[in-house]
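Position in the sequence shown counted from 1, then plus 6, gives you our numbering.
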Amino acid sequence: MKNKSLWLQNTDNSSYKKLTKNIKCDILIIGGGMTGMSTAYHLRNSNLKICLVDRDLVGHGITSKTTGKLNYLQELIFYKIDKYVSKEAAKIYLDSQIEAINIVEEIVNREQIDCNFEKVPSFLFTNKKNEIKKIQKQKELLESCGIKVNEHKNIPININCKYAISVDDTAVFHPLKYLSYLKDICIKKDINIYEKTKITAINKDKNNYICKTNKNTIIANKIVVASHYPYFLLPFFMPAKTSIEKSYVSASKIEEIKYFTAITSNNPVKSIRYHSDIKNNYLIYLNGTHKTCNNYDEKINFDKLKRDLKKLKIEPQYIWSNHDIMTYDYLPFIGRIEKNDSSFLIGTGYNTWGMTNGSLAGVIISDIILQNQNKYEKLFDPRRSINTSKILKYPLYLGANVKAFIETKINKNKSWYKGNVEFRKIDGENIAIYTSEKNIKHVVYNTCPHLKCSLIFNEIEKTWDCPCHGSRFDIDGHVISGPANYDIKYKKEL
Ligand SMILES: Cc1cc2nc3c(=O)[nH]c(=O)nc-3n(C[C@H](O)[C@H](O)[C@H](O)COP(=O)(O)OP(=O)(O)OC[C@H]3O[C@@H](n4cnc5c(N)ncnc54)[C@H](O)[C@@H]3O)c2cc1C
Numbered sequence: 007m008k009n010k011s012l013w014l015q016n017t018d019n020s021s022y023k024k025l026t027k028n029i030k031c032d033i034l035i036i037g038g039g040m041t042g043m044s045t046a047y048h049l050r051n052s053n054l055k056i057c058l059v060d061r062d063l064v065g066h067g068i069t070s071k072t073t074g075k076l077n078y079l080q081e082l083i084f085y086k087i088d089k090y091v092s093k094e095a096a097k098i099y100l101d102s103q104i105e106a107i108n109i110v111e112e113i114v115n116r117e118q119i120d121c122n123f124e125k126v127p128s129f130l131f132t133n134k135k136n137e138i139k140k141i142q143k144q145k146e147l148l149e150s151c152g153i154k155v156n157e158h159k160n161i162p163i164n165i166n167c168k169y170a171i172s173v174d175d176t177a178v179f180h181p182l183k184y185l186s187y188l189k190d191i192c193i194k195k196d197i198n199i200y201e202k203t204k205i206t207a208i209n210k211d212k213n214n215y216i217c218k219t220n221k222n223t224i225i226a227n228k229i230v231v232a233s234h235y236p237y238f239l240l241p242f243f244m245p246a247k248t249s250i251e252k253s254y255v256s257a258s259k260i261e262e263i264k265y266f267t268a269i270t271s272n273n274p275v276k277s278i279r280y281h282s283d284i285k286n287n288y289l290i291y292l293n294g295t296h297k298t299c300n301n302y303d304e305k306i307n308f309d310k311l312k313r314d315l316k317k318l319k320i321e322p323q324y325i326w327s328n329h330d331i332m333t334y335d336y337l338p339f340i341g342r343i344e345k346n347d348s349s350f351l352i353g354t355g356y357n358t359w360g361m362t363n364g365s366l367a368g369v370i371i372s373d374i375i376l377q378n379q380n381k382y383e384k385l386f387d388p389r390r391s392i393n394t395s396k397i398l399k400y401p402l403y404l405g406a407n408v409k410a411f412i413e414t415k416i417n418k419n420k421s422w423y424k425g426n427v428e429f430r431k432i433d434g435e436n437i438a439i440y441t442s443e444k445n446i447k448h449v450v451y452n453t454c455p456h457l458k459c460s461l462i463f464n465e466i467e468k469t470w471d472c473p474c475h476g477s478r479f480d481i482d483g484h485v486i487s488g489p490a491n492y493d494i495k496y497k498k499e500l
């Protein structure tokens, strides 16, 4: 069994270009995931000088660990937007998600992209009686927008189900194959893509942004922060407006695939889709979703996933975890950070639906840059105020954050480790050491550079994870996902 995402198998990591000189451009896109690559693609025919940088390889961020569904039946999202924002907002959001699926399909057809794009129906189901009414409410909402919704007593897999609805015209694809085509198309259109190139700081002079990498400077007229977590904003902008949710995913070889996707409306979240490559058929199964600051014992979380697979009588070949940014009004943050200023743009907060929202962000952001009207810009405006008093879970989340901060500071989780993880204080600094089976010591600073939480060691994926806001670092302390943007490798001798 491999402790990594199925999408990362057979990826070619050898050909990439690093930034090695100072450059100037009109638009700098920071991040080459679904958001950044979609934005670059939609700007490919402008006369602007575009440059995209990624601190890793294109698509190797959160997008590499998605389940890759292009779905508008997104749990109870329309029911929730209707309840917490308005019916009008729920309807606009629905339109936007349907449009996003169409955008990807059009690109796949136009560019003849071989990325296993397949139109399949999607189910929303529950095994809890008290959820049925909510799903039915969402069904009414969808039907009032002209969507054909089917009702079911079961879904086409042997999982406990009391009620389900399904819709057509949703899809699945291989997200990394899709992005690798977009990358090639952009390069052919003279967009400069630099990988293994991290932006470490952004300053502004009168007319330009001056963006620092480790060794070079990029001067850009406008910047698009497509880095998943939008660093470079005020440090408390995102923590106050969002939470981070983590989920556990597996891919298991099976005899025959089925043509549908499914997701539960209630906790524990279960999500199902199928995928075929040249050699094998896979069931991709997600079980369990929680805020990073709750249940951060990864062994327990992965064990729950494995128990579910056992019930389905399948063995996982791949297991991995991933997290996404959740907003309190269930709508993404796409667009300008300052009113009437199109020089600093972001796309984030996709509530685990970034295949559609990232694609859409590409269109909205490029429309803002090219001064085209976009009908979704207002609803997804990152500057909108969110009435958190309506959302009772907000104070609970803040409380859980503080609890996680304290628990890791006093090292409450010590008993999880079998002597292979050690925490020490050296020269007044908190250090964590993981000793591998081959007796190699991996030493990191035990402090998240984001808001100074202490870390926990994820024994399954061999990563250092921050329970407060979800930053992750590889075994040697290189940052792999934000909010942190800096490495925590301990470079001195022990
Ligand atoms: C378990 C799970 C399953 C999911 N399944 C689905 C699904 O089925 N359908 C769906 O629609 N959505 C799904 N999502 C959500 C979706 O995967 C994400 O919302 C989406 O991938 C985010 O894309 P992105 O481009 O914003 O971020 P990323 O893919 O993370 O891209 C950001 C890029 O920026 C780079 N970067 C970061 N910092 C810097 C820096 N300082 N300098 C340079 N580069 C930088 C990173 O290396 C990265 O490549 C899922 C999420 C989870 C957690």
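All residues carry an ideal CB built from backbone N, CA and C; glycine is no exception. Source: prediction; values computed, not measured.
Proximity winner among the options, relative to residue i (alpha-carbon distances)
i: Pro401; options: Ser249, Gln323, Gln118; result: Ser249
i: Lys97; options: His484, Lys381, Ile416; result: Lys381
i: Asp493; options: Asp62, Tyr22, Ser21; result: Asp62
i: Tyr78; options: Arg50, Ala268, Phe123, Ile225; result: Ala268
i: Val449; options: Ser52, Gly488, Thr469; result: Thr469
i: Tyr288; options: Thr333, Asn301, Gln142, Ser256; result: Ser256
i: Thr17; options: Asn213, Cys121, Ile107; result: Cys121
i: Lys297; options: Arg279, Tyr291, Lys317, Val275; result: Val275
i: Tyr440; options: Gly483, Gly341, Pro162; result: Gly483
i: Gln323; options: Ala406, Ile260, Arg390; result: Ile260
i: Tyr334; options: Asn378, Lys345, Leu404; result: Leu404
i: Glu251; options: Gly488, Lys444, Asp373; result: Gly488
i: Lys194; options: Leu49, Lys24, Leu318; result: Leu49
i: Lys431; options: Ile161, Lys415, Phe308, Glu443; result: Lys415
i: Asp347; options: Val91, Arg389, Lys310; result: Arg389
Whole-Å CB distance - residue i paired with residue j, under 8 Å assumed
i: Phe463; j: Val427; result: 5 Å
i: Gly67; j: His234; result: 6 Å
i: Val369; j: Glu201; result: That pair is no contact at about 24 Å.
i: Gly364; j: Gly355; result: Not really, about 11 Å apart at Cβ, beyond 8 Å.
i: Leu337; j: Ile87; result: 7 Å
i: Val173; j: Pro127; result: 7 Å
i: Thr270; j: Phe84; result: That pair is no contact at about 16 Å.
i: Ile374; j: Gly341; result: 6 Å
i: Trp422; j: Lys305; result: 7 Å
i: Ala226; j: Asn213; result: Wrong, their Cβ atoms sit about 10 Å apart, outside the cutoff.
Whole-angstrom distance between residue j and residue i, CA atom to CA atom
i: Asp101; j: Ile113; result: 18 Å
i: Leu182; j: Asp433; result: 44 Å
i: Asp303; j: Leu148; result: 38 Å
i: Ala490; j: Asn164; result: 41 Å
i: Ile171; j: Ser253; result: 23 Å
i: Ile437; j: Tyr496; result: 8 Å
i: Asn133; j: Lys168; result: 5 Å
i: Lys384; j: Phe129; result: 30 Å
i: Tyr265; j: Ala177; result: 10 Å
i: Ile263; j: Asp283; result: 11 Å
i: Asn452; j: Lys420; result: 13 Å
i: Ile35; j: Val231; result: 6 Å
i: Asn301; j: Arg313; result: 17 Å
i: Arg279; j: Leu457; result: 36 Å
i: Ile56; j: Asn209; result: 19 Å
i: Lys320; j: Asn166; result: Before going on, a small fix: residue 320 reads as Ile here, not Lys. So the two alpha carbons sit approximately 17 Å from each other.
i: Ala46; j: Asp32; result: 12 Å
i: Ile29; j: Asn198; result: 10 Å
i: Glu124; j: Ile109; result: 14 Å
i: Gly294; j: Met332; result: 16 Å
i: Ile371; j: Lys228; result: 11 Å
Per-residue burial, residue i [other beta carbons within 10 Å of its own, 16 or more giving buried]
i: Met40; result: buried
i: Glu435; result: exposed
i: Leu500; result: exposed
i: Ile216; result: exposed
i: Lys486; result: Reading off the sequence shown, one finds Ile at residue 486, where the question assumed Lys. Buried: at least 16 other Cβ atoms inside 10 Å.
i: Ser391; result: exposed
i: Ile446; result: exposed
Min CB distance residue i to chain C below 9 Å
i: Cys474; result: Absent from the structure is chain C; it holds one protein chain and no more.
Beta-carbon contacts of residue i that lie in its chain and below 6 Å, excluding the five residues immediately before and after
i: Phe411; result: Cys459, Cys474
i: Ser11; result: Ser70, Lys71, Trp326
i: Lys140; result: Leu82, Tyr85
i: Thr358; result: Asp330
Cutoff 7 Å; reference residue i; Cβ partners in own chain excluding five residues on either side
i: Asn220; result: Lys204, Thr206
i: Met361; result: Met40, Thr72, Gly74, Lys75, Leu76, Pro181
i: Glu117; result: Tyr187, Ile191
8 Å Cβ shell around residue i - same chain, five flanking residues per side excluded
i: Met43; result: Leu58, Val64, Gly65, Leu185, Leu188, Lys189, Cys192, Gly368
i: Thr26; result: Lys221, Asn222
i: Glu81; result: Leu130, Ile269, Thr270, Ser271, Val275
i: Lys145; result: Val155, Glu157, Ile171
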